[in-house]
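The sequence shown begins at 86 in the working numbering and counts up by one.
Just so you know, even glycine gets a beta-carbon here, dropped at the ideal spot from N, CA and C.
On a predicted model such as this, the values are computed, not experimentally measured, just so you know.
Reviewing the structure listed below.
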Amino acid sequence: MQHADCLFCKIAEGKIPSKKVFENEHVLAFNDLHPSATHHYLFIHKEHTQNVNDLVETEPSQMAEIFQAIRFVTQREGLDQTGFRVVTNSGPHAGQTVFHTHFHVLGGEPLRGFGSR
Ligand code: 5GP
Ligand code: ZN
């Protein structure tokens with residue numbers, strides 16, 4: 086089910102434009118509006134869930150569908166050769182700002198250390 090006031094549901098429905106890098110029946114990937122690396126993609130399932138725990142509880146096979154898409158795109162872009170990072174933020178301490186489950190995929194250059202304060 087889609088959420089009327091959800092930004093990424095609107096992107097999935099094409100109501101808000103995005104630069105798509107992958108799409109199939111269930112999964113969409115598009116460029117992050119404010120990239121943190123040369124390649125910065127957001128992977129979402131078209132069915133709305135709030136965060137990764139909600140997604141796994143709702144339908145765990147969505148996880149595999151998303152990661153199959155990540156595999157396809159990172160191989161197509163050669164990021165599997167140079168390296169890439171997958172990140173999902175859940176809740177306030179992680180700084181989640183869009184409450185439709187999404188996976189950041191970053192690469193194309195050496196990435197800075199992760200998780201430091
Ligand atoms: P979060 O902070 O929730 O992990 O990630 C949300 C991401 O969505 C941010 O990296 C932000 O740049 C991106 N973003 C926010 N609004 C838009 C938008 O309208 N279009 C696109 N393509 N990305 C967006
Ligand atoms: Zn949504």
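Residues near residue i in its chain [Cβ-Cβ closer than 7 Å; skip 5 each side]
i	result
C94	Q87, H88, H133 and H185
A122	L191, G192, G193, E194 and L196
H130	H111, V112, L140, Q147, E150, I151 and T186
C-beta neighbour in chain D for residue i, strict 7 Å
i	result
G99	No chain D is part of this structure, which consists of one protein chain only.
Continuous alpha helix (DSSP H) stretch holding residue i: start and end
i	result
R161	S146 to R161
Segment limits, beta strand (DSSP E) that includes residue i
i	result
K105	K105 to E108
Same chain, Cβ closer than 6 Å to residue i, five either side skipped, listed in chain order
i	result
N136	S175 and T186
N116	K104
Y126	V106, A114 and V190
Same chain only: Cβ atoms within 8 Å of residue i, ignoring 5 sequence neighbours per side
i	result
T159	D165, F169, V190 and G192
H124	E162, L164, F169, V190, L191, G192 and G193
Handout entry: Nearest-residue set for the ligand ZN, Cβ under 6 Å from any heavy atom
Key = H88, C91, F93, C94, H133 and H185
Exercise for the section: Only counting runs of 4 or more residues, tell me where the alpha helix (DSSP H) segments fall wholly within the segment 166 to 197, in order along the chain. Expected result: none
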